[in-house]
Amino acid sequence: MANQEDIFKNIISHSKEYGFIFQSSEIYDGLSAVYDYGQMGVELKKNLREFWWKAMVQMHENIVGIDASIFMHPTTWKASGHVDAFNDPLIDNKDSKKRYRADVLIEEHVAKIEAKIQKEVDKAKERFGESFDEAQFKATNARVLENQTKIDSILGRFKDALEKNNLEEVRQIIVDCEIVCPVSGSKNWTEVRQFNLMFSTSMGAVSEDSNVIYLRPETAQGIFVNFLNVQKSGRMKIPFGIAQTGKAFRNEIVARQFIFRMREFEQMEMQFFVRPGTEMEWYNYWKGARMKWHSTLGLGESNYRFHDHLKLAHYANAACDIEFDFPFGFKELEGIHSRTDFDLKAHEQHSGKKLQYFDPELNQSYVPYVVETSVGLDRLFLSVLSKAYVEEKLEDGTTRVALNIPSFLAPIKVAVLPLLKKDGLPEKAREIMNILKCEHACAFDEKDTIGKRYRRQDAIGTPFCITIDHQSLEDNTVTIRYRDTMLQERVAIDKLQQIIDDKVSIKKVLQSLM
Ligand code: GAP
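Counting from 1 along the sequence shown, just add 8 to a position and that's the residue number in the numbering used here.
Here it is, written out as structure tokens:
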């Protein structure tokens, strides 16, 4: 059986071969951590965005959407804390010239010690069987205790160093832990420096007039600065939300794992404005609602888990991630943050404009608190792709690669296939195609054997193939072939539209969220 690493490689090459994802500017050898979506990828991405938008905006009377600009007034990023604090600590290895995130090197080192503890636990479990008491073992076994003390000491020093912004101490931890560069194997490290993740450019034609501006690192700030515009023009009453999807940019130091960590990516964010003091209630509500939304994608509930943030960002009083079991393990898919009144207050201070809400029930004005849900569209895409991809051995000994994408999200919903390229079959197929294409993304394919055509559609995740044969000309029936079961059934052409509408409808999925 192929391991996860091989499967992930296969998913990446499948994405390219079938027009889902290409490396950006590939003819120039690509641009690191920047990707283009191809003809299939763009459809799947659009469908995921639409599903999020409908679930958040259309299904909630008190949530509206906006589309703010990528460029914003530079003071926005001073107010939000990104100019001063949106940093990663980086370190270079002098021999390999490779750059690393210092925090990641330390976390990976700690993970290795944790793995040693787990190994001891697993060994003991095997030895003692039923009677094994894990908690007691961890509290008494000398080797486990020694390793746990190491972990506590490293993490304690690291937390302290971060709080004091003591980068020399961060470097010293790396040295003391004897962490080596995975490429050169050496411990020849530079000093640790803070690296701001925002991309900057300049606005204005002549250099003297130009201002440094940033490409937004999150879409959220476009919502905060428009809070009062939307509240007033939409006569919104608290609690209410503003949703937005769009590009964000981060100059990630270590960018790898395909579209998981990109330098240009898309976020789908919703800021929910609430009365101060009610934020924890809403935080818990949105944790539940967002997990439910993910579960409707049908990728398997055990592939998701919550992970509470131990170290909270400067703006948050509670925060967690929804993690997904990607081919490289559980990693953050979505963030849910209780952002307090930090952002609106900061924008009030920097702009000198009041960003308050008059609450008629309390007869008082206040700066609302905010609960944010923020999911990366590209990571969501990767979650669907990685679980949809299957390599199957069939009964006849052949293999097929299929993408079991939920029907309502599939890039192409129906493929229309005349069995032969003659006898009036293509013309009949075109008639059917013309009926279906007004409603659904359809493909027309008359090349190669029908078996090859089915496989091509399986590989791009088309849930239904309709085959037009000689009988179709006689009795106006066609066969539908189902991607997941590969079964076929004969149906009347005049029932076709209804059948397909029903099977690819987003309506039922949205109803299940109510
Ligand atoms: N407004 C809050 C915010 O931006 P975040 O946890 O930094 O929070 C939210 O980002 C989501 O955006 C993440 O959960 C992830 O899905 C996505 N994301 C962040 N950085 C990314 C990157 N470099 N590449 C792809 N997606 C990214």
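All C-beta atoms in this analysis are idealised placements derived from N, C-alpha and C, irrespective of residue type, glycine included. Being a predicted model, the structure only gives us computed values, none of them experimental.
Cβ-Cβ separation between residue 295 and residue 250: approximately 19 Å, too far for a contact (criterion under 8 Å).
Between residue 61 and the set 277, 326 and 174, the nearest pair of CA atoms involves 277. Take the alpha-carbon of residue 260 and the one of residue 104: they are about 19 Å apart.
With respect to the 9 Å criterion, residue 258 and residue 99 are not classified as neighbours on the basis of their beta carbons.
No Cβ-Cβ contact shorter than 9 Å links residue 504 with residue 63. Within the chosen limit of 8 Å, the ligand GAP reaches the beta carbon of residue 227 through at least one heavy atom. Residues 424 and 441 of the same chain have their beta carbon placed closer than 6 Å to that of residue 452, with the five preceding and five following residues left out of the count. Runs of beta strand (DSSP E) with 3 or more residues, each lying fully within the segment 406-460, are found at 407-411, 422-426 and 450-452, listed in chain order. Going by C-alpha positions, residue 86 is about 16 Å away from residue 209. Contact between residue 138 and residue 129 does not hold, since their C-beta atoms are separated by about 15 Å, which reaches or exceeds 8 Å.
Residue 211 is bridged by DSSP to 219.
Distance from the CA atom of residue 281 to the CA atom of residue 70, rounded to whole angstroms, is 10 Å. Listed as beta-bridge partners of residue 147 by DSSP are no residues whatsoever. DSSP places residue 381 in the uninterrupted beta strand (DSSP E) bounded by 377-384. A direct Cα-to-Cα measurement between residue 348 and residue 328 gives close to 14 Å. Taking C-beta separations shorter than 7 Å and ignoring five residues to either side along the sequence, the partners of residue 475 in its chain run 425, 427, 458, 486, 487 and 489, following chain order. For residue 498, the three-state secondary structure derived from DSSP is strand. Beta-bridge partners assigned by DSSP to residue 509: none are found.
Taking one beta carbon from each stretch, the segment 18-25 and the segment 389-409 have 3 or more pairs nearer than 8 Å; the two touch. Placement of the Cβ of residue 341 at a distance of less than 8 Å from at least one heavy atom of the ligand GAP is found.
Proximity of the segment 43-60 to the segment 368-388 meets the contact definition, three or more beta-carbon pairs being nearer than 8 Å.
DSSP places residue 354 in the uninterrupted alpha helix (DSSP H) bounded by 350-359.
Taking 8 Å as the cut-off, the C-beta of residue 382 counts as close to a heavy atom of the ligand GAP. In terms of side-chain proximity, the C-beta atom of residue 251 is found no nearer than 8 Å to any non-hydrogen atom of the ligand GAP.
In the assembly as shown, residue 270 is a buried residue. Its beta-carbon has 16 or more other beta-carbons within 10 Å. At a threshold of 8 Å, residue 267 counts as near the ligand GAP, since its beta carbon sits closer than that to one of the ligand's heavy atoms. Taking the Cα positions, residue 473 is about 10 Å away from residue 463.
Taking residue 420 as reference, the option from 483, 508 and 495 with the minimal CA-CA separation is 508.
Residue 64 sits in a helix when the DSSP states are folded into three classes.
Apart from sequence neighbours up to five positions away, the residues of its chain that approach residue 220 with a beta-carbon distance below 7 Å are 82, 208 and 210, ordered along the chain.
With a cutoff of 8 Å, residue 277 counts as near the ligand GAP, since its C-beta is closer than that to a heavy atom of the ligand. Residue 401: member of the beta strand (DSSP E) spanning 397-401, first to last residue.
DSSP lists 251 as the bridge partner or partners of residue 73.
Residue burial annotation: residue 333 is buried, with at least 16 other C-beta atoms found within 10 angstroms of its C-beta. In the structure shown, the three-state DSSP call for residue 206 is coil.
Short note on residue 22: C-beta not closer than 8 Å to any heavy atom of the ligand GAP.
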